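To keep things clear, I will list the structure first and then write my remarks on it.
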Amino acid sequence: MGKQDESNAIFYLTFVIIFICGILIWYFSGFNHEVVKVKLILVSFLAVVLVHSIVITPIRFIILAIDAASFPAAQAAVIPDKRARAETLLESLRFRLQMLRSELLITESHRNEELNLKYQTITQELKRMGMLFLSSLLLNVERAEDQWVYFNTANMRSLFDYNHTSTLGLSNAIVLPNIYDFIELSLIIPFTDTDAKSGGSPWVHAEGTRLLGVVRLRQVRTRNRDGGLQNPEFDNEDYSEGWTLPYQRESYTDKFWPIYQPWVSRVPNIQDRIILSVRHRGGFIYYPEITGYENLLCDTRAKSMMVLNYLKDHKWLDLNTSALFMDFTLYSADANLFSVCTLWLEQFPFGGIKTHLKIESSRFLEGVSELSGYGVFTLYFFAITWLIYAKAFWVKVWYEPKQLKNPWMIVDALILILSSLVVVARGVRDNMVRGMIRRVEISVMVDFINFREPAMLSYLCKILEGFSMALITMRLWKAMQFSSTFQLFTTTLFTAKRDLLWTIMVTLIFLSATGTAAVTINGSNAIQFSTVLKGIISLTCFAFGFSSHVEPADLFYGGKCVGIMLYGILAFVVKMLLVNIIVSILENQMAQVKGLRDKDQKSVNSHLTYCQFLRVEYAYVINFFRKFFSWRLKYLPRGRTVAENIQRELNEQRRNAKKSRSTFYIRDQRETDESLIQLRYRERIEKTITITAILQTQMDLIERLMFGDDEGNLPPLGENESPGTSGQNQKTENKQ
52 MGKQDESNAI FYLTFVIIFI CGILIWYFSG FNHEVVKVKL ILVSFLAVVL VHSIVITPIR
112 FIILAIDAAS FPAAQAAVIP DKRARAETLL ESLRFRLQML RSELLITESH RNEELNLKYQ
172 TITQELKRMG MLFLSSLLLN VERAEDQWVY FNTANMRSLF DYNHTSTLGL SNAIVLPNIY
232 DFIELSLIIP FTDTDAKSGG SPWVHAEGTR LLGVVRLRQV RTRNRDGGLQ NPEFDNEDYS
292 EGWTLPYQRE SYTDKFWPIY QPWVSRVPNI QDRIILSVRH RGGFIYYPEI TGYENLLCDT
352 RAKSMMVLNY LKDHKWLDLN TSALFMDFTL YSADANLFSV CTLWLEQFPF GGIKTHLKIE
412 SSRFLEGVSE LSGYGVFTLY FFAITWLIYA KAFWVKVWYE PKQLKNPWMI VDALILILSS
472 LVVVARGVRD NMVRGMIRRV EISVMVDFIN FREPAMLSYL CKILEGFSMA LITMRLWKAM
532 QFSSTFQLFT TTLFTAKRDL LWTIMVTLIF LSATGTAAVT INGSNAIQFS TVLKGIISLT
592 CFAFGFSSHV EPADLFYGGK CVGIMLYGIL AFVVKMLLVN IIVSILENQM AQVKGLRDKD
652 QKSVNSHLTY CQFLRVEYAY VINFFRKFFS WRLKYLPRGR TVAENIQREL NEQRRNAKKS
712 RSTFYIRDQR ETDESLIQLR YRERIEKTIT ITAILQTQMD LIERLMFGDD EGNLPPLGEN
772 ESPGTSGQNQ KTENKQ
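Numbering (the numbering used here), first residue to last: 52 to 787.
This is the structure:
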């Protein structure tokens, strides 16, 4: 044992010396990497490890399995180990002492194998789900702390929505012809100069912001202006100049712009149908994204004004125009942000327009240089925890395929699928952005570069990440069911599900009825009740405490008496009565479930608790920290002998027992659990026997260390030698 300890000490000392020398050489020799290169090395290493773990390792094991199944290897001959050595008596005594100390912790309650396996499974799930939840939370927090995105979006909305010194605000466009002035003053002049230079000029509001490509104008037209109960039908036919028929393909009037483009309907491709198959919600209908009539402005002011005057002269926007979309993308080099802007307006059949702004700020060029040290750490932490989680899932499915019928295994599979889809979507988005940036670098700036496609993929990634985080939280909730508090809450919801369902249905009926009545009476005057869905949502917000959305004056347009009646129904019936009924149902059910739990607590107490299991399972960790921080209890004699201290402690225990008996004298005899008393009595006897064995083993070990040789063998006692003299002579001979 002495030789082995010495070799370990030499190994640790050598490792420390090599580590310190390496740091000193790296620091004083000038061999130092830049921070960006270090981050690039770390991210590349992580990518290689992920590819090796996810792709290469399964292929390698498949090849090895096929080889082992096709060409089984011959069984190797059993050869005795030449390095094996016999265990000495001292080693066996030390091992027995360690085993007895473990038996002192492992009592009869800890020997329920089924319960131990259950707790071990809970511990493994808590480790995996807790680490995955923590890593996902850290990753989301690291991404959410980018406040430049919010400020950039708010700034863009302010610049395009309101009037400024040299620009016109979109909110000031009252009728459809005003939009020509907005295009000229806010979309052409601010991004161009008086010179006929291609490539544009800095934006007048921000010198570091540039327009990528050109502005695209897209209008959605209706076939006729006849009103009805159905949604209007959008036009997709091809026309000639001035929306006349029949359509004729005319030649170019100038080399930079096809004259027939504004009158030809757009034909979407497959990629547009997959990625951009969305609809924009207007005041009363939805407008498609992939249809309509497109027209592109140019890269210089003169050419763009020629296009705008042509459209104005030929009445490109008329009474059949249902919506006009102005799409473009801005890039801020200072903040490395892409602003995908969609400014649009809709024209109502009865006249008048309503304007909308949709601005999405994104970091499409997320390079390694922008990652902080915290970001690299969270990326590594998430990758490692995800690999551990995926490995545990596939191992369980491989050995027990029937586990896939378990709903929680389906949740695990959904978590892995959503995480994989996020990685794939981000890869497709990055590849798409690289291609668009390459087009910006090498193409003529008269093309519209549609950055809304990567913006849509970023939005999809956020949705998938949100759902995966919700599933991870649900899975962690399932793993936390070992706690009585979580079990109490879950059982309460399960037992009260019928009452809660019917009460919630009654609440929804009242909200729907009150919301429909409020919309019918006040919808023409209050924005909160302009639609049925918006009215129900407004009243639901009020019922659950968000009273700032609805005021009494919003319900008085049909008369104060009717408004007070609606407000009373909303405030008393929904907010006070039905919501309090839901709370009362939960409170009563929780009290009943808690009573049943306390009634069965007697049988639960005889079992091993999860905390007791952890105390024994991780005793080595607890002992390590106790030794490291010197938390071990020390014996303080306080000027008394050991016998006096023991007698003092016994007297204190007797006084406490008498006090407890006098306080709780009146007790129901049914609460006395005889099996639990017998179990604790057997455990005390078992611990007493174990302590006796520990003391006997320690005495035997001390005797052999003092009087035995290096292997612990005691010398034979002679007739004229005492045990001490024999041991001293034996040690003197060994030293010689």
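Yeah, the Cβ is synthetic: ideal placement off N, Cα and C, and Gly gets one too. Only a predicted model underlies this, so the values are computations on that prediction, with no experimental measurement involved.
Do you know whose CA, among the options, lies nearest residue i's CA?
i	options	result
Trp459	Lys366, Val94, Ala530, Ala577	Ala530
Lys371	Gln149, Arg274, Pro452	The displayed chain sequence assigns Asn, not Lys, to residue 371. Nearest option by C-alpha distance: Arg274.
Leu151	Asp761, Glu754, Asn764, Gln749	Gln749
Asp498	Val265, Leu296, Trp294, Val315	Val265
Glu417	Thr543, Leu756, Phe680, Arg194	Arg194
Glu411	Met207, Lys685, Val446, Cys612	Met207
Asp463	Met483, Ile439, Val479, Thr295	Ile439
Gly402	Val557, Phe561, His365, Leu227	Leu227
Ile239	Leu590, Lys709, Ser355	Ser355
Phe664	Asn167, Ala120, Val94	Asn167
Asn214	Leu236, Leu606, Phe202	Leu236
Ser413	Cys512, Ala60, Arg666, Leu268	Cys512
Thr542	Gly646, Ile234, Gly478, Leu606	Gly646
Leu188	Ala708, Leu659, Arg705, Leu527	Leu527
Phe415	Cys349, Met627, Met487, Leu177	Met487
Leu659	Asn573, Trp445, Phe533, Glu397	Phe533
Taking just the CA atoms, how far does residue j sit from residue i?
i	j	result
Phe66	Ile76	15 Å
Phe70	Leu91	24 Å
Leu185	Met507	27 Å
Trp254	Leu347	19 Å
Tyr311	Pro241	27 Å
Pro788	Trp449	Outside the modelled stretch of the chain, which goes from 52 to 787, sits residue 788, for which no answer is possible.
Asn457	Ile173	16 Å
Val200	Glu492	25 Å
Leu163	Ile461	Per the sequence presented here, residue 163 reads as Asn, with Leu not at that position. Distance between the alpha carbons of Asn163 and Ile461: 30 Å.
Asn360	Thr204	31 Å
Pro767	Asp760	12 Å
Gly424	Phe432	12 Å
Leu148	Leu730	25 Å
Val613	Phe540	42 Å
Phe545	Ala564	29 Å
Ile117	Pro123	10 Å
Cys662	Thr558	42 Å
Leu190	Thr139	53 Å
Gly596	Ile514	27 Å
Lys447	Gln454	8 Å
Ile61	Leu756	25 Å
Arg480	Glu504	8 Å
Ile68	Phe79	16 Å
Lys678	Gln198	46 Å
Ser28	Met182	Here the chain has residues from 52 to 787 only, and residue 28 is not among them.
Ser581	Ser328	27 Å
From which residue to which residue does the alpha helix (DSSP H) around residue i run?
i	result
Ile336	Ile336 -> no alpha helix (DSSP H), and no H or E assigned at all.
Cys392	No alpha helix (DSSP H) contains Cys392, which is instead part of the beta strand (DSSP E) from 388-398.
Phe502	Segment: none, Phe502 is in no alpha helix (DSSP H) and carries neither H nor E.
Arg208	199-212
Gly759	Premise fails: Gly759 is in no alpha helix (DSSP H) and is neither H nor E.
Glu668	661-668
Leu438	424-450
Val613	611-619
Phe595	Here Phe595 belongs to no alpha helix (DSSP H), and DSSP marks it neither H nor E.
Asn229	229-233
Taking the beta strand (DSSP E) that residue i falls in, what are its first and last residues?
i	result
Phe376	372-383
Ser413	404-413
Thr260	260-272
Would the stretch 611-624 count as touching the stretch 556-569 if we require 3 or more Cβ pairs under 8 Å?
yes
Given 8 Å, three or more beta-carbon pairs between the stretch 377-392 and the stretch 283-296:
no
Quick one: any contact between the stretch 472-482 and the stretch 512-524, if contact means 3 or more CB pairs under 8 Å?
yes
May I have a chain-ordered list of the alpha helix (DSSP H) segments no shorter than 4 residues that lie completely inside the stretch 103-166?
108-121, 140-156
Examine the Cβ distances between the stretch 726-739 and the stretch 157-165 and report whether three or more of them are shorter than 8 Å.
Touching, yes, given that three or more Cβ pairs across the two stretches are closer than 8 Å.
Give the list of continuous alpha helix (DSSP H) stretches no shorter than 4 residues that lie fully inside the stretch 523-585.
Runs of the alpha helix (DSSP H) inside the stretch 523-585: 535-546, 548-573.
Flag this pair as touching only if the stretch 391-409 and the stretch 222-230 have three or more C-beta atom pairs under 8 Å; answer yes or no.
Contact between the stretch 391-409 and the stretch 222-230 is present, because at least three Cβ pairs lie under 8 Å.
Return the chain-ordered ranges of every alpha helix (DSSP H) run that is complete within the stretch 325-367 and spans a minimum of 4 residues.
352-364
Tell me whether the stretch 320-337 and the stretch 287-301 touch, counting them as touching only if at least three CB pairs, one residue from each stretch, are closer than 8 Å.
no
Count the CB pairs spanning the stretch 548-558 and the stretch 626-644 that are closer than 8 Å, and state whether there are at least three.
Yes, the stretch 548-558 is in contact with the stretch 626-644.
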